[in-house]
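Participant: Below you will find the structure I want to go over with you.
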Amino acid sequence: MGRCKIEMKRIENKTTRQVTFCKRRAGLVKKARELSLLCDADVALIVFSPSGRLFEYAGSRDMQEIIRAYFAAGSSGSTLRTQSKLEAELSKLKEEANILKNDKRIRRGDVHALEALSEEELGSLETEVEAKLVKIRSLQKQIRELQFREQLKKVREREREREREMIPDRPSVQEEDLQRQNERLRQEIQELEHDSEQFELDESLRAFSSYFNVNSEPSDSFLELRLDNICKY
Numbered sequence: 001m002g003r004c005k006i007e008m009k010r011i012e013n014k015t016t017r018q019v020t021f022c023k024r025r026a027g028l029v030k031k032a033r034e035l036s037l038l039c040d041a042d043v044a045l046i047v048f049s050p051s052g053r054l055f056e057y058a059g060s061r062d063m064q065e066i067i068r069a070y071f072a073a074g075s076s077g078s079t080l081r082t083q084s085k086l087e088a089e090l091s092k093l094k095e096e097a098n099i100l101k102n103d104k105r106i107r108r109g110d111v112h113a114l115e116a117l118s119e120e121e122l123g124s125l126e127t128e129v130e131a132k133l134v135k136i137r138s139l140q141k142q143i144r145e146l147q148f149r150e151q152l153k154k155v156r157e158r159e160r161e162r163e164r165e166m167i168p169d170r171p172s173v174q175e176e177d178l179q180r181q182n183e184r185l186r187q188e189i190q191e192l193e194h195d196s197e198q199f200e201l202d203e204s205l206r207a208f209s210s211y212f213n214v215n216s217e218p219s220d221s222f223l224e225l226r227l228d229n230i231c232k233y
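For the sequence shown, UniProt numbering begins at 1 and goes up steadily by one.
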């Protein structure tokens with residue numbers, strides 16, 4: 001029977017996991033040694049066990065020398081990659097700048113730029129220009145409507161101001177109270193004047209009546225005078 005294939009996943013049993021680590025680590029170190037000896041390669045191996053214990057292997061050179069060489073090579077490679085990336089970005093930006101410059105010349109109506117366009121590009125440009133003209137006309141219409149509304153609003157405000165100026169101000173509550181008090185006082189004065197006149201008239205009538213009552217009976221001298229006059233006749 002052939003060997004069954006081991007599933008590559010974390011070993012749950014702690015003891016089994018530790019035994020497997022020791023076996024596999026030994027095999028890995030053996031492979032690294034063989035690679036260093038057979039190929040004269042600088043090999044460095046750093047391994048930490050599940051418990052955190054460090055295991056390392058270096059070939060013919062010291063581990064620190066190999067690590068320094070690794071960082072130096074990594075820095076140089078990073079610089080080259082960065083330079084290559086920047087050059088690609090610069091080339092892309094130059095291309096975009098040329099496209100924008102050409103587009104600007106086309107929009108300004110440069111004859112040479114327009115002549116360089118194909119029939120399809122000219123049709124696309126014409127459609128774009130027409131769409132922008134429609135948008136501009138729509139914006140102009142909106143602006144005119146807004147201006148008309150503002151003017152109409154100002155006219156209505158002026159009309160309301162003129163109406164307020166023409167209509168007299170309504171008296172305040174205090175003024176209305178004073179007007180009512182004045183009216184009552186006028187009525188009381190008129191009633192008092194009327195009563196005074198009536199009183200004077202009544203007094204005059206009483207005096208006049210008393211006078212006639214007193215003089216209604218003829219006096220003795222009056223009778224004697226009348227008798228004398230009769231005797232003469």
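All C-beta atoms in this analysis are idealised placements derived from N, C-alpha and C, irrespective of residue type, glycine included.
From a predicted model like this one, the values you see are computed outputs, not experimental measurements.
For A44, which of helix, strand or coil comes out of DSSP?
Facilitator: Translated into the one-based positions of the sequence shown, residue 44 becomes position 44. It is a strand residue.
Participant: Taking DSSP as the reference, what is the three-state secondary structure of E7?
Facilitator: Counting from 1 along the sequence shown, the entry for residue 7 is found at position 7. Of the three classes helix, strand and coil, the one that applies to E7 here is coil, per DSSP.
Participant: For the beta strand (DSSP E) containing E12, list its first residue and its last residue.
Facilitator: Start at 1 with the first residue of the sequence shown, and residue 12 comes out as number 12. Careful: E12 lies outside any beta strand (DSSP E) and carries neither H nor E.
Participant: Measuring straight from C-alpha to C-alpha, what distance separates E121 and E95?
Facilitator: One-based indexing of the sequence shown puts residue 121 at position 121. One-based indexing of the sequence shown puts residue 95 at position 95. If I take the Cα positions, the gap works out to 19 Å.
Participant: Relative to the C-alpha of S39, which residue among L45, K31 and I46 is closest?
Facilitator: Numbered from 1 along the sequence shown, position 39 holds the residue referred to as residue 39. Reading off the sequence shown, one finds Cys at residue 39, where the question assumed Ser. It is K31 whose Cα lies nearest to the Cα of C39.
Participant: Residues in the same chain with beta-carbon distance under 6 Å from R226, minus the five sequence neighbours each way, listed in chain order, please.
Facilitator: Taking the sequence shown and counting its residues from 1, the one referred to as residue 226 is at position 226. Any answer about R226 is weak, because its pLDDT of 48 lies below 50 and its placement is not dependable; what the coordinates show is given next. Contacts found: none.
Participant: Alpha carbon to alpha carbon, how far is residue 235 from K92?
Facilitator: For residue 235 there is no data in the structure shown, the boundaries of the chain being 1 and 233.
Participant: How many Å lie between S60 and R68 at the Cα?
Facilitator: Within the sequence shown, numbered from 1, the residue matching residue 60 stands at position 60. Within the sequence shown, numbered from 1, the residue matching residue 68 stands at position 68. Roughly 15 Å between the two C-alpha positions.
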